[in-house]
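Chemist: Residues 416 to 773 in my numbering are what the sequence shown spells out, letter by letter. Would you mind keeping the following structure in view while I ask a few things?
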Amino acid sequence: MQKLISHLLLLALAALVGPSSFAQSDDGSGLKTCVTLDLMGNFNAPRMTQATDRFDVRESELLLYGPIDHLYDATLNLAAHGDSARPLFELHEAYIGSSKLIPRSRFRLGQFFLGIGRLNHFHRHDWPVVTAPKSQLEFFGAEGAFDTGAEYTFLAPVPFFLELTGGVTNGWTYGHVHNAGTKPRVPTIYGRAATYTSLPGAGGMQTGINYLTRKSGQGDTMTLNGVDLTAKWRSPDGSGFLLQSEIWHRQLVPAVGKLERSLGFYVLPQVSLSSQWHIGVLVDLFTVLTLKNITGEPTANSEIRFVPTLTYKTSEFVSLRAALDWATAKQKGIDDRYNRSLLLQAAVNLGAHPAHEF
């Protein structure tokens, strides 16, 4: 009941903004509003499973965005979560930015999802998968890493597309947490270099090289290196193909203890049969490279997931998904662990969601 109240309060806040906010102005100016409902079900499949056997409101969001004046834009995103023991109502994003003030540049100041990788650019209801790959979950959090600070993007004056992004945020917390954290010794610093290439057959591919580092107040240093790739082909009739992938390496150097290195990779090929029907499979791999057994010897280990997913999109406002999560965790000397579950999702946008870059 308390979870439902949180979502209803968010919808009530959307109503207070006013019905006129949902109308898009003819000249592209004015406040715009979008309310998103993310409904999620996780059910038992045969054999060992961690499914909850319930269908619930995983998340609801209120997004307000639009121009402030002829130079600046602003975004406010509030979210209520239903996938935790207690209802949570929090601020996801609140920032001011501009792409008009500095030539070939855009920037934002405030709280936002860090502009690195592929999935971390988007709210999870916009992902082409139902749940986070293991590397996204371990390295950024279930929804993604967001923080407060500044981010600057520059389009390099070279004969090919090259976009450079750098950011510095507070670093008191990292990932998706619900506490104030502690003052870090080194704040979160990150960067991304992205390029775009046209492909034969009305296709395009974006590739990014990423780096992130921070040092916590306890003296633990984390470094992330990663590459993301997204390729798309689209025909006028709506059919096409999507190939999305990320590979990340994380190094943790604790103030006390042993160094830890982990590697995560996923690839998602998805075929669009039409503008409405999409079939894909998430292949997800994760391993701790420095894992050792009780005798101190290196131990082979891996977590492997296959998640075939069927998506039905009636329009840009409604996405319905059904997926089978087939996961196996292996470690030398230990019996394999399994998770088999059926995932159902309904993502609904009330109002126009801002367009994504690619």
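Quick reminder that beta carbons are idealized off the backbone N, C-alpha and C, glycines included.
Between Tyr510 and Lys747, what straight-line distance do the alpha-carbon atoms span, to the nearest angstrom?
Modeler: Using only the alpha carbons, I get a separation of about 47 Å.
Chemist: Count the other C-beta atoms from every protein chain shown that fall within 10 angstroms of the C-beta of Gln685, then say buried if there are 16 or more, exposed otherwise.
Modeler: Gln685 should be labelled buried.
Chemist: If you reduce the DSSP assignment to three classes, tell me which class Ser717 lands in.
Modeler: DSSP places Ser717 in strand when its eight states are reduced to three.
Chemist: Does DSSP put Asn585 in a helix, a strand or coil?
Modeler: Correct three-state label for Asn585: coil.
Chemist: Mind the definition here: the region 574-583 touches the region 693-704 only if three or more C-beta pairs lie below 8 Å; say whether that holds.
Modeler: The region 574-583, when compared against the region 693-704, does not touch it at the 8 Å Cβ threshold.
Chemist: Report the residue ranges of all beta strand (DSSP E) runs contained in full by the region 709-757; include only those spanning at least 3 residues, in chain order.
Modeler: Listed in chain order, they are 716-730 and 733-746.
Chemist: What residue from Thr490, Asp471 and Ile662 has the CA that sits closest to Glu508's CA?
Modeler: Cα-wise, what sits closest to Glu508 is Thr490.
Chemist: Between the Cα of Ser631 and the Cα atoms of Gly618, Ser613 and Arg600, which residue gives the shortest distance?
Modeler: Minimum Cα distance to Ser631 is reached at Arg600.
Chemist: Looking only at DSSP bridge pairs, what is His536 linked to?
Modeler: According to DSSP, His536 bridges with nothing at all.
Chemist: Ala565 and Leu529 look like a contact to me (Cβ under 8 Å); what is the Cβ gap, rounded to whole Å?
Modeler: Actually they do not touch by this definition, with Cβ atoms about 11 Å apart.
Chemist: Could you pull the DSSP bridge partners for Pro684 from this structure?
Modeler: Per DSSP, Leu658.
Chemist: What are the boundary residues of the beta strand (DSSP E) that includes Phe504?
Modeler: Taken as a continuous stretch (DSSP letters only), the beta strand (DSSP E) holding Phe504 covers Leu503 to Ser513.
Chemist: Please check if any C-beta of chain C sits within less than 7 Å of the C-beta of Gly632.
Modeler: Of the protein chains in the structure, only one exists, and it is not chain C.
Chemist: Starting from the C-beta of Glu718, find all residues in its chain whose C-beta is less than 6 Å away, skip the five residues before and the five after it, and write them out in chain order.
Modeler: Hits under 6 Å: Lys549, Phe701 and Ala744.
Chemist: Just verifying my parser: in three-state terms, what is the DSSP assignment at Phe554?
Modeler: In this structure, Phe554 counts as helix in the three-state DSSP scheme.
Chemist: Let me know if Arg523 comes out buried or exposed under the rule of 16 or more other beta-carbons within 10 Å of its beta-carbon.
Modeler: Classification of Arg523: buried, given that the 10 Å Cβ count is 16 or more.
Chemist: Quick one: what's Ser613 bridged to in DSSP?
Modeler: The partner list for Ser613 (beta bridge, DSSP) reads Gly619.
Chemist: Only counting runs of 3 or more residues, tell me where the beta strand (DSSP E) segments fall wholly within the region 554-579, in order along the chain.
Modeler: You should have 561-570.
Chemist: Quick one: grab the DSSP three-state call for Asp453.
Modeler: Note: Asp453 maps to strand in three-state DSSP.
Chemist: On the DSSP letters alone, give me the boundaries of the beta strand (DSSP E) that Pro482 sits inside.
Modeler: Unbroken beta strand (DSSP E) run through Pro482: Arg469 to Pro482.
Chemist: Look at Val668 and Thr636 and say whether their C-beta atoms are less than 7 Å apart.
Modeler: Against a cut-off of 7 Å, the Cβ pair of Thr636 and Val668 comes out as a contact.
Chemist: To the nearest angstrom, how far is the alpha carbon of Phe575 from that of Ser520?
Modeler: Straight-line Cα distance between these residues: approximately 16 Å.
Chemist: Pick helix, strand or coil for Lys549, following the three-state DSSP scheme.
Modeler: The answer is helix: DSSP assigns Lys549 an H, G or I state.
Chemist: Arg473 and Gly497 look like a contact to me (Cβ under 8 Å); what is the Cβ gap, rounded to whole Å?
Modeler: Right, the Cβ-Cβ distance comes to about 6 Å (below 8 Å), so this counts as a contact.
Chemist: Nearest to Asp611 by CA position, among Thr546, Ala571 and Gln666, is which residue?
Modeler: Position check: residue 611 holds Tyr in this sequence, whereas Asp was assumed. If we check each option's Cα against that of Tyr611, Ala571 comes out closest.
Chemist: Taking just the CA atoms, how far does Ile517 sit from Ala738?
Modeler: Ala738 and Ile517: Cα-Cα distance of roughly 44 Å.
Chemist: With H, G and I counted as helix, E and B as strand and the rest as coil, what does DSSP make of Asp652?
Modeler: Three-state DSSP puts Asp652 in coil, outside helix and strand.
Chemist: To the nearest angstrom, report how far apart Thr448 and Gly532 are at their CA atoms.
Modeler: Taking the straight line joining both Cα atoms gives about 26 Å.
Chemist: So what's Asp635 in DSSP terms, helix, strand or just coil?
Modeler: Three-state result, Asp635: coil.
Chemist: Leu506 to Thr710, Cα distance in whole Å?
Modeler: Those two C-alpha atoms are separated by around 46 Å.
Chemist: Would you give the residue range spanned by the beta strand (DSSP E) that Asn492 belongs to?
Modeler: Residues Asp488 to His496.
Chemist: Would Ser513 be called buried (16 or more neighbouring beta carbons within 10 Å of its own) or exposed?
Modeler: Buried, since its Cβ has 16 or more Cβ neighbours within 10 Å.
Chemist: Counting pairs of beta carbons, one from the region 640-650 and one from the region 614-622, are three or more of them closer than 8 Å?
Modeler: The region 640-650 vs the region 614-622: in contact.
Chemist: Can you name, in chain order, every residue of its own chain whose Cβ lies under 7 Å from the Cβ of Pro543, other than the five neighbours on each side?
Modeler: Closer than 7 Å at Cβ, skipping near neighbours: Leu657, Gln659, Leu683, Gln685 and Gly695.
Chemist: Going by beta carbon distance, what residues of the same chain come within less than 6 Å of Gln760, once the five residues before and after it are set aside?
Modeler: Excluding residues within five positions, the ones whose Cβ falls inside 6 Å are Met455, Val545 and Arg736.
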